[in-house]
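These notes are about the structure you will find just below.
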């Protein structure tokens, strides 16, 4: 749902700490400047103060490394290897060299044979993808390792691997040939309407440049043209010490890590290249330009943009002040645009003002998702709101509210700085290295903000905003899912007409206080019990509401909430197709009796409060994060939503619009088809799953939904969990004044399994998508069981991991036909007797038969005695056990356990026994499990094929 929470003033605390709070799109990547080998900093000289925890060093060869100690969580370490070389340095006409080279880092080096790097890390508990990954963009390539322990031996091994990556890759000719298929599979997997729209936008936004030929993922033609020689030349030219920065964050001994880095990297020498990207020269608009991209499977959107050449500006207080002014101005305009969207009768559904900076250009934009059939009216609304802001600026009240909210977040950031997760620190510092920006402490961020922004005048923000929108004529871009005759001319005509419409100053809106603060007499506690092992305290109120609480030391300044109401699917009639969709899309948009949705949006704009509600298998509700001071407000909002809903027609209208958009995009990729069309089949054709016929879904009304919600709120049960940085008694008191104060007498929470939802009979299902014309998806599913047989469930978990290992080896490494094949397994804790295990691969259409054959080979293999090796079992099990060990360092883990601590107390016992149970599983157990479940009489095969293929391709 795009409308609610699409704009919140309050920023995530995680973003605030190690970089100034500027959205990524506002940061420019400066070109490489020659760096003196004795300069320990990665950015040009600056008047900003480096964060005291960030310790930069430089080796004699010019390679830099940065150490940041952190115990969030303890006994874990994050490592990033940043190479200042990406697709922008490619010389050929087709992109893909830098990305190809990134892949080759996992395919053999001087001291690690091909195929051994990933297996070696898996034995140490690092899963491929989750803990071992890499990415390439225009100006950087980054290699990532998330170490599940801080053992010195593991850190040294990780540094050894990073050195192998930096300078010792073999780039074997045969390995290049094998990996080419994997690259093609990755490129093919991205193809479809959304990616085509992105490419179209690049061509439109960057005229006169070669930007389109530098797309990091590459192209099929580019991948085809890459040779071993090209890769070797790129590697030796650009993977050099002075282009390299190593970032290590976590719980480690810094002196020992410094020695280990020096040991691994100090003898690395290479000729340094000062080559810079050459994109060509951006042609700046001197008159209005327009363009439209049409595809029936795309979300319709329109934007007005001013595109000017990028300006390279060293990081400084002056630059930071400009970035903050940009942020304030764009956020203020975004708020206005969203007010318009909410009151536009779905003509607009989510709008924003923002700035993007790339190596080539600075782009100031206003955009909105729209109803394509009413695009002219949407364009007029956007243009006139922009024109109003440019002419009359902002009100002081708008700016003061933004400044106060931002300052409040920065103060919380000072509180929570010590508990920012290691991975956030590592990624933030890596981004700062890439952007040649200093890393500031939360305290310095706050001081800078208070000195330069608190008390700022609205006109100063407005003047800065006007500068953002100068320097070029506008570019208007439309994506539409309906045909538009002579689209470019039509857009230009509407835009010019709107320009000639007089605009007026913003009318001040009436300020409204939230009215739902008293729900009756405070609930009385009738029973309480604390689990001595988990430390979770369960409290029951006199009306039957239960809250489970646990104070933790993670995420200072944050509180996490789980709300579980009723019985989920069971509460919704199975014959009302789309009733759950109406609840999830339209319920909150209907507003409350004392507040319209528009009022609620404005009231909570600067609050850490969410109105999101969803329907799960066994409850209605959701999970939320807020601050200790706003916990009671969040609970007041949720209580009001479930007891004081107004069911206004605007909610129904928004639901019908959104479900129509969902239906239009349901076939845009093979994966979308699985999630929408096949999901219903997978759950026994139950109408509460997946997406049914639009004509039937749109018949749903609030008159049908209202009695469902009233029945739920009459009977319950209601189980709430609160964990985080809050005193248990304060959390209990907040619930007592909200849900605990309700006059109803709710049933007590208890766990049970819903009957009547069955896995489908064995069959082959063929469906169609409108994505890449050469892309197919092959999935297979086997019926298993629910989660009550714990031994069987653990064996299935390991069977899933072993299937993934074998799929990766066969389809990715040997055949080169799939980028990321994987297995999956679920044993429902809510549906009686329901579970499945399966395999999935996004593949080339012409490969579907041989991949299906490979599935059978793998399936047959895991059923043979001795075919699964002890090493495969170790590599499957070790990452799971490491993740389980480290899970206790996360508030989300404790929230999950606390969410049903009253209704399903055995869940914690299961967790405590998990490692022992998983460790007890043998190869023979897994082979036996494969023989039990991976059989034809339990199997459903799904093929998702391109919509336009000939019938002769389809094989039943």
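Numbering (this note's numbering), first residue to last: 2 to 957.
Even for Gly, the Cβ is constructed at its ideal location relative to N, Cα and C.
Tell me the DSSP bridge mates of residue i?
i, result
"residue 349", "371"
"residue 783", "838, 940"
"residue 907", "Partner(s): none; residue 907 has no beta bridge."
"residue 1", "One cannot answer for residue 1 here, as it falls past the ends of the chain, which runs 2 to 957."
"residue 358", "363"
"residue 302", "370, 480"
"residue 720", "547, 565"
"residue 450", "Its beta-bridge partners do not exist; DSSP assigns none."
"residue 777", "844"
Residue i lies in the beta strand (DSSP E); which residues open and close that run?
i, result
"residue 292", "290–295"
"residue 136", "133–137"
"residue 622", "621–627"
"residue 531", "526–531"
"residue 58", "55–59"
"residue 144", "142–148"
"residue 734", "Premise fails: residue 734 lies in the alpha helix (DSSP H), 729–737, not in any beta strand (DSSP E)."
"residue 166", "No beta strand (DSSP E) holds residue 166; the alpha helix (DSSP H) holding it covers 153–168."
"residue 538", "538–542"
"residue 764", "764–770"
"residue 966", "In the structure as shown, the chain begins at 2 and stops at 957. Residue 966 is therefore absent and cannot be evaluated."
Hey, could you find the ends of the alpha helix (DSSP H) residue i is sitting in?
i, result
"residue 689", "Premise fails: residue 689 is in no alpha helix (DSSP H) and is neither H nor E."
"residue 391", "376–393"
"residue 673", "671–674"
"residue 120", "117–124"
"residue 682", "680–683"
"residue 269", "Careful: residue 269 lies outside any alpha helix (DSSP H) and carries neither H nor E."
"residue 329", "318–343"
"residue 100", "98–105"
"residue 515", "Here residue 515 belongs to no alpha helix (DSSP H), and DSSP marks it neither H nor E."
Alpha carbon to alpha carbon, how far is residue i from residue j?
i, j, result
"residue 180", "residue 260", "35 Å"
"residue 222", "residue 95", "7 Å"
"residue 866", "residue 934", "15 Å"
"residue 400", "residue 132", "42 Å"
"residue 638", "residue 773", "43 Å"
"residue 450", "residue 408", "7 Å"
"residue 288", "residue 472", "11 Å"
"residue 265", "residue 373", "57 Å"
"residue 466", "residue 328", "10 Å"
"residue 596", "residue 590", "11 Å"
"residue 949", "residue 587", "35 Å"
"residue 231", "residue 213", "20 Å"
"residue 490", "residue 292", "9 Å"
"residue 781", "residue 940", "7 Å"
"residue 958", "residue 62", "Lying before the first or after the last residue shown, residue 958 is absent from the chain, which here runs from 2 to 957."
"residue 875", "residue 676", "32 Å"
"residue 347", "residue 663", "14 Å"
"residue 805", "residue 756", "31 Å"
"residue 418", "residue 286", "44 Å"
"residue 77", "residue 341", "47 Å"
"residue 891", "residue 555", "7 Å"
"residue 760", "residue 685", "6 Å"
"residue 723", "residue 561", "6 Å"
"residue 355", "residue 165", "41 Å"
What I want to know is whether the C-beta of residue i ends up closer than 8 Å to one or more non-hydrogen atoms of the ligand COA.
i, result
"residue 466", "Only the bare structure without any ligand can be found here, which leaves the ligand COA out of the picture."
For residue i and residue j, which I take to be in contact (beta-carbon distance under 8 Å), what is that distance rounded to the nearest angstrom?
i, j, result
"residue 146", "residue 80", "4 Å"
"residue 305", "residue 384", "6 Å"
"residue 736", "residue 636", "6 Å"
"residue 707", "residue 570", "The pair is not a contact, with the Cβ atoms about 18 Å apart (cut-off 8 Å)."
"residue 746", "residue 549", "Going by Cβ atoms, the distance from residue 746 to residue 549 rounds to 20 Å, so no, they are not a contact pair."
"residue 371", "residue 303", "5 Å"
"residue 389", "residue 507", "6 Å"
"residue 579", "residue 693", "7 Å"
Please give the ranges of any beta strand (DSSP E) in the region 552–579, keeping only runs that are unbroken, at least 3 residues long and fully inside the region.
Whole beta strand (DSSP E) segments, 3+ residues: 560–566.
Restricting to runs no shorter than 3 residues, where is the beta strand (DSSP E) found entirely within the region 796–856?
Correct list: 823–828, 836–845.
Kindly provide the ranges of any beta strand (DSSP E) runs that are 3 or more residues long and lie completely inside the region 61–92, ordered along the chain.
The qualifying runs are 65–70, 78–84.
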